[in-house]
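All remarks here apply to the structure that follows.
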Amino acid sequence: MLLDSIRTQLDSLSKSERKVALAVLEHPTQTVNQNITALAKSAQVSEPTVVRFCRTLGYDGWHEFKLKLAQGLALALPGLNEQPTQDDLAADLVNKICSRSINTLLDLRNNLDPEAIQKALDILSKANKIEFYGQGTSGIVASDAQHKFFRSGVPTVAYADPHIHSIAAALLRTGDALVAISQRGNSPTLVRSVKLARRGGADVIVLAPSGTPLAELATVLIPIDLIFNIDPYTPISARLAYLVVIDVLAVGLALQRGPEFRKKMQNAQKALQEFDLQFDSFIG
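Next comes the structure, spelled out in structure tokens:
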């Protein structure tokens, strides 16, 4: 949701732009229903400052920002800001967790940059090898990516250990591709590995929040701006967003490589099914 993106970027805004951001976050519905003059007055800033705030977030101006905010509020399902509690019944948990995940994916769909996706696909389709780096929860996403991409016919590997991916990054060269995955974008060890990869000439696709140290090093940035707070269940829905982006890239790469490649993938799937049948027969 746009509000999540605003919260993520609060620290990078100027003092006056931050006033606008806080005014929007405090009264998002009111912001949609008022004009730029009213917002500037409530935030105690000038109208040009509101315009600068909108452009800092990547919009042409006030009207585009206001439209995106309205769309986000209209799409949001009940339960987005409701944290699971100890007294919740099973039905409450189903509603809250599913609503949060759905809202995250709707926000991703509305804000994912197709141009960035295409640039990433152009790099991946020409890569000599593809490596995925992530740590902690992002390491799980990296492993999932490796599982999906190894069938592309390009040598593919995933590393979650910072010592290992620093060594691997130092060996990358021009024509190689690294996909760096981070939900916060500020891991010093991951930033170091990305710098090593760039130094060797490799292209780096970054899946991380915009405005972070990792994002600044990207050949291509696919920004995933989600809110992080003390709620321990937030990473569940956040991880879904990253997994979906990986799916988009994997499917896009398969389509971009043409029908002959898809035939090879079908043969690989057929071989797996035959193996499963033989295994079932063996244990039966």
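So for the sequence shown, our numbering puts the first residue at -16; every next one is plus one. Even glycine gets a Cβ: it sits at the ideal position worked out from N, Cα and C. Here the structure is a predicted model, which means the values were calculated and not measured.
Open item on the list: As an exercise, report each continuous beta strand (DSSP E) stretch of at least 3 residues that is fully enclosed by the region 89 to 124, in chain order.
Closed with: Within the region 89 to 124, the complete beta strand (DSSP E) runs of at least 3 residues are 113 to 116.
Open item on the list: Please return the same chain residues whose Cβ sits closer than 8 Å to the Cβ of Leu179, not counting the five positions on each side in sequence.
Closed with: The beta carbon of Leu179 is closer than 8 Å to those of Ser149, Ala152, Ala153, Leu155 in its chain, skipping five residues each way along the sequence.
Task: Cutoff 7 Å; reference Val137; Cβ partners in own chain excluding five residues on either side - done: Excluding sequence positions up to five before and after Val137, its CB lies within less than 7 Å of the CB of Ala110, Lys112, Ile113, all in the same chain and listed in chain order.
Task: Separation of Thr120 from Asp75, as counted between CA atoms - done: Asp75 and Thr120 have their C-alpha atoms some 26 Å from each other.
TODO: State the beta-bridge partners of Asp186 as determined by DSSP.
DONE: Residue pairing by DSSP places Asp186 opposite Ala160 in a beta bridge.
Open item on the list: Does Tyr42 come out as helix, strand or coil in the three-state DSSP assignment?
Closed with: Tyr42 falls in the coil class under three-state DSSP.
Task: Reference Val187; option with closest CA among Ile205, Arg222, Thr87, Glu98 - done: It is Ile205.
- [ ] Could you round the C-beta distance between Val227 and Leu104 to whole angstroms and report it? I think they count as a contact, below 8 Å.
- [x] Incorrect: roughly 15 Å between the Cβ atoms, too far for contact.
TODO: Under 6 Å Cβ to Cβ from Phe115, same chain only, skipping five residues before and after it: list those, please.
DONE: Short of 6 Å from the beta carbon of Phe115, and not among the five residues preceding or following it, lie these beta carbons of its own chain, in chain order: Ala125, Ala128, Gln129, Ala141, Val162.
- [ ] Please report how far the alpha carbon of Val77 lies from the alpha carbon of Pro242, in whole angstroms.
- [x] Taking the straight line joining both Cα atoms gives about 41 Å.
Open item on the list: So, under 8 Å CB-CB, Arg175 and Pro192 are touching, yes? Tell me the CB distance rounded to an integer number of Å.
Closed with: Actually they are not in contact, since the Cβ atoms of Arg175 and Pro192 sit about 19 Å apart, beyond 8 Å.
- [ ] Measure the C-alpha to C-alpha separation of Leu223 and Gly55 and round it to an integer number of angstroms.
- [x] Between the C-alpha atoms of Leu223 and Gly55 there is a straight-line separation of about 18 Å.
Task: Gly117 versus Ala160: straight-line alpha-carbon distance, rounded - done: One C-alpha to the other measures close to 14 Å.
Task: Cut-off 6 Å between Cβ atoms - residues of its own chain near Gly44, not counting five sequence neighbours on either side - done: Result list for Gly44: Val34, Cys37, in chain order.
Open item on the list: Out of Lys(-2), Ile123, Pro171, Leu232, which one is the CA nearest neighbour of Arg146?
Closed with: According to the sequence displayed, residue 146 carries His and not Arg. Cα-wise, what sits closest to His146 is Pro171.
Task: Cα-Cα separation between Ser84 and Asp(-13), rounded to whole angstroms - done: The straight-line gap separating the alpha-carbon atoms of Ser84 and Asp(-13) is approximately 14 Å.
Task: Distance between Ala201 and Thr195 (C-alpha atoms, nearest Å) - done: Taking the straight line joining both Cα atoms gives about 10 Å.
Open item on the list: Going by DSSP, what residue range makes up the alpha helix (DSSP H) through Leu204?
Closed with: Careful: Leu204 lies outside any alpha helix (DSSP H), inside the beta strand (DSSP E) at 203 to 206.
Open item on the list: Give me, in chain order, the residues of the same chain whose beta-carbon lies closer than 6 Å to that of Gly122; leave out the 5 immediate sequence neighbours on both sides.
Closed with: Same-chain partners within the cutoff: Ala143.
- [ ] Using beta-carbon positions only, say whether Val28 and Leu52 come within less than 7 Å of one another.
- [x] Not in contact: Val28 and Leu52 (Cβ atoms no closer than 7 Å).
Task: Asp(-6) classed as buried or exposed, judged by whether at least 16 other C-beta atoms fall within 10 angstroms - done: Looking at its Cβ environment, which holds fewer than 16 other Cβ atoms inside 10 Å, Asp(-6) is exposed.
Open item on the list: Could you tell me the alpha carbon to alpha carbon distance between Val3 and Asn169, rounded to whole angstroms?
Closed with: One C-alpha to the other measures close to 26 Å.
Open item on the list: Per the DSSP calculation, Tyr142 is bridged to which residue(s)?
Closed with: BP columns for Tyr142 point to Tyr116.
- [ ] Going by DSSP, name the residue or residues bridged to Ala191.
- [x] According to DSSP, which records beta bridges pairwise, Ala191 is partnered with Pro206.
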